[in-house]
Structures are given as C-alpha cells and as structure tokens.
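S.K.:
2 protein chains.
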Amino acid sequence: MTSNPSETTITAWARLLKAQAKALDAVEANLKAKGHPPLAWYDVLLELKREEGGTLRPLELEKRLLLKQHNVSRLIDRMEQKNLLKRLPFAGDGRGQLVAITEQGQDLLRRMWPAYRASIQEHVGSKLNESEMAKLAALLQRLL
Amino acid sequence: MTSNPSETTITAWARLLKAQAKALDAVEANLKAKGHPPLAWYDVLLELKREEGGTLRPLELEKRLLLKQHNVSRLIDRMEQKNLLKRLPFAGDGRGQLVAITEQGQDLLRRMWPAYRASIQEHVGSKLNESEMAKLAALLQRLL
DNA sequence: CCTATTTAAATGCAATTGCATGTATATATA
DNA sequence: TATATATACATGCAATTGCATTTAAATAGG
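Respectively, the protein sequence lines represent chains A and B.
Just so you know, our numbering puts 38 at position 38 of the first sequence, and the rest follows in order with no gaps.
Just so you know, our numbering puts 1135 at position 135 of the second sequence, and the rest follows in order with no gaps.
(1) Taking the continuous alpha helix (DSSP H) assigned at Arg1142 (chain B), which residues delimit it?
(2) When the Cα of Lys31 (chain A) is compared with those of A:Ala138, A:Leu143, A:Arg111, which residue comes out closest?
(3) Is it buried or exposed, Ala33 (chain A), if we count other Cβ atoms within 10 angstroms and call 16 or more buried?
(4) Can you find the residues in the same chain that come closer than 7 Å, C-beta to C-beta, to Gln1104 (chain B), ignoring five residues on each side of it along the sequence?
(5) Does DSSP put Ala100 (chain A) in a helix, in a strand, or in coil?
(6) Applying the 10 Å Cβ sphere with the 16-neighbour rule, what's the burial state of Lys1135 (chain B)?
(7) So with CB distances below 8 Å, who are the chain B contacts of Lys34 (chain A)?
(8) If you run the structure through DSSP and keep just helix, strand and coil, what is Thr2 (chain A)?
(9) How big is the Cα-Cα spacing for Gly123 (chain A) and Gln20 (chain A)?
(10) Are any of the Cβ atoms in chain A nearer than 8 Å to that of Val1124 (chain B)?
(11) Could you confirm whether any beta carbon from chain B is found closer than 8 Å to the beta carbon of Arg74 (chain A)?
(12) At the level of alpha carbons, what is the spacing between Gly1149 (chain B) and Arg1087 (chain B)?
(13) Relative to the C-alpha of Ala1014 (chain B), which candidate in A:Val27, A:Trp13, A:Thr11, A:Ser73 has its C-alpha closest?
(14) Give a yes or no on whether 8 Å exceeds the smallest Cβ distance from Leu16 (chain A) to chain B.
(15) Excluding the 5 residues flanking Thr1102 (chain B) on each side, which residues of the same chain have their C-beta closer than 7 Å to its C-beta?
(16) What's the call for Pro58 (chain A), buried or exposed, on a 16-neighbour Cβ count within 10 Å?
(17) Lys22 (chain A) to Leu1066 (chain B), Cα distance in whole Å?
(18) Can you tell me the Cβ-Cβ gap for Ala1040 (chain B) and Thr8 (chain A), rounded? I've got them flagged as a contact below 8 Å.
(19) Just to confirm the assignment, what range does the beta strand (DSSP E) spanning Pro1058 (chain B) have?
(20) I'd like to know if Lys63 (chain A) contacts chain B, where contact means its C-beta is closer than 8 Å to some C-beta of that chain.
(21) Taking Asn4 (chain A) as the query, report the chain B residues whose CB atoms sit under 7 Å from its CB, ordered along the chain.
(22) Sort B:Thr1055, B:Asp1077, B:Asp1107, B:Met1133 by Cα distance to His1036 (chain B) and report the nearest one.
(23) Would you mind telling me which residues of chain A sit closer than 9 Å to Leu1046 (chain B), beta carbon to beta carbon, in chain order?
(24) Are the C-beta of Ala1029 (chain B) and some C-beta of chain A separated by less than 8 Å?
(25) Measure the alpha-carbon distance for Asn4 (chain A) versus Ala12 (chain A) and round it to whole angstroms.
(26) Tell whether a beta-carbon distance below 8 Å holds between Leu1109 (chain B) and Leu1046 (chain B).
(27) Measuring CB to CB, does Leu140 (chain A) end up less than 8 Å from Leu1075 (chain B)?
(28) Which residues in chain B have a C-beta closer than 7 Å to the C-beta of Trp113 (chain A)? List them in chain order.
(29) Can you give the Cα-Cα distance for Ser119 (chain A) and Glu1130 (chain B), rounded to whole angstroms?
(30) Going by C-alpha distance, which of B:Ala1100, B:Arg1117, B:Val1044, B:Gly1125 is nearest Gly1053 (chain B)?
Below, the structure is given as structure tokens:
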C-alpha cells in the first residue's frame, strides 16, 4: 500500500514542473533567437563528443537522453541530413548501428555553447548562490 | 557583462532537466495506462475549479500554465469537444472569452486525482523526507 | 469621430511527436 | 539446427505543436 503525497510533496512537484518549464522555455527561445537548433541536438552531440571515438549506439542515446526510440531514429535522420553526425554499421550486432559525431557536429557544439552557457547562467545560475545550488543539485539527484 | 555558470550550476541544470523529464514521463505514462487524458487537461481543469465561478480567460490559463496562445486555443477546443469545459462570452471585453469547467470536467478531476496522486508519491514523494522535500520546494521556488 | 495601433483568440500549413507496425538480425529452445 | 521469440531500428499515419497570419474588438492619437 502506497501512502499519499504530503502537501509539501505536491508543492515540490508543481514547482519542479514549473521551474523546469520556465527555464527550459527561456533557454530554448534564446538558442533559437541566436539561430541555433534545439537543445536536443546539443545533447546528442555532447554525448557523442564525450565518448572515445565520438560514437554511441542509438539505443544508448535513447537511454541517456530519455527519448523514445522512434524519436531518436528521426532526430538522427535530421542531424545526419545536416552532416552533424553519420551512421556507421555496428560490427558486433547486425541489427544495431553506431552514430558518430562529425567535424561539423563538433563545430556546432562549440558554437552553441556560449549562447547556451549564458542562458543557463541567466535563468538558473543567477538565482541561487553556490551552496544553495549544490544543495539543489544534490536533492534533484535523489529523484534520479 | 554576465558571468559564466559554475560547474555546480551546470550540474544542477542538467539534473533539473533529467529529474523533471523522468518523473513527468512516468506520471504521464501512468495516467495514460489508467485511461486518463494528458496532465495538461488536469492542469486546466484544476485552475478552473479553483476559481470563483469556475471560469478563467484563455489568456490567464496561458500565463499560469506557461502555454503558447495557439496551444491554449486548441487545448480548449479538444476539451470542449469532450464537454469538460465550455466557452462563454466575456462581457468586459468583446475580444475575450471565459472558459468554464462543467460537471463532467469536475468529475474527471475527481477521477484522475487518485492515479495522479499515487504517481506523485511514487516518483517524487518517496524519494525524499519531509524536510528535504520542503528544502527542494523552497529552492525551486527561487527559480520562479 | 476617424484612423492607426494594439490586443485576444482562431486558423492554415509545416514540423515534430506518438503509436502501431514492419523489417532484419540475434538469441533461446525443442 | 529448425522454429519461436526477442531486440534494434525504421516508417506510415494520426495527433499535437510551432509559426505566421488572420479576424475582430479595444485603445490611442489626431
């Protein structure tokens, strides 16, 4: 038998939704205003960049970025169109594949970061001091 | 000149996105599995229910729920189709309108709450104790 | 008052997402 | 090793969302 959430929990839940939506909307809008693609593209490229060889399987991207399988497939389609990444066969499993970041992908990552970074600071960083931010990060980690 | 976000801020930002996405995905999936409509419908109905007279203007819903104007318009369309709310003329301003919750809307609110409540507890409430939850709620408030 | 501008909401069309299913390959089991 | 089942990714079609524009009503300025 599961107990009911406390009022405090309900408040925290509501604020989690609102705070994230508000900050994300602002960050996405800023990226777009600067002529950049959506944040999801940055997320994909960053995951790839951090890997040895700059490759990951779609399945792994799906797990890390909490995306649905069909959305990963189509996100890769769009990004491949723009030459930000390319699909490679995966030797270990004929069903699978590898997605590899390209030079252009790395370049986009570098070009997006200044705008992205400034938005994070404006909409999140500036709202709490360092120790409060550390506390927030720790509490959010507990939800993961 | 805006400073750059600290590492702590970047971590908190990443976790805000992930924690919200994870919890929200789970809650939405649970509602759907129980045969309920999306959370946004609940949000709209709850906002209306809490008002004197059970009415709000679309513009107000837009602000409170952080939705785009055209999405509010179409969300209202779909909910009106299902008789969960109805559009009324707004006397004070001929351009505007009032959206009013119906009996069926109030009923849906009541029927969704047990499932929603259980999900909030499972995916958020059970992860932190009361004082931690209060701290989280307070920190998130600061982002708003 | 008349005209220009702003505001509230709706809508046509394109892009994205959700959902179900398809295709190919891998693994398990008889 | 033949057959059934599971897994990885793709895709057709419907629903939703984004974007630009439209419509109607309100307010501002001459």
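We put the CB at the ideal spot given by N, CA and C, even for glycine.
M.R.: The relevant details are as follows:
(1) Arg1142 (chain B) -> no alpha helix (DSSP H), and no H or E assigned at all.
(2) According to the sequence provided, residue 31 (chain A) is Leu. The question's Lys does not apply to it. Closest by alpha carbon: A:Arg111.
(3) exposed
(4) Asn1083, Leu1084
(5) strand
(6) buried
(7) The contacting residues do not exist; Lys34 (chain A) stays about 14 Å from chain B at best.
(8) coil
(9) In the sequence as presented, Gly is not what sits at residue 123 (chain A); that position holds His. Answer to the nearest angstrom: the Cα atoms are 10 Å apart.
(10) yes
(11) no
(12) Residue 1149 (chain B) is absent from the model: chain B starts at 1001 and stops at 1144.
(13) A:Val27
(14) yes
(15) Asn1083, Leu1084, Leu1085, Lys1086
(16) buried
(17) 7 Å
(18) Contact doesn't hold; Cβ gap of about 24 Å is too wide.
(19) Careful: Pro1058 (chain B) lies outside any beta strand (DSSP E), inside the alpha helix (DSSP H) at 1058-1065.
(20) no
(21) Arg1117, Gln1121
(22) B:Asp1107
(23) By Cβ distance, chain A contributes nothing, its closest Cβ being about 10 Å from Leu1046 (chain B), past 9 Å.
(24) no
(25) 14 Å
(26) yes
(27) no
(28) Residues of chain B passing the Cβ test: none, with the nearest at roughly 10 Å.
(29) 32 Å
(30) B:Ala1100
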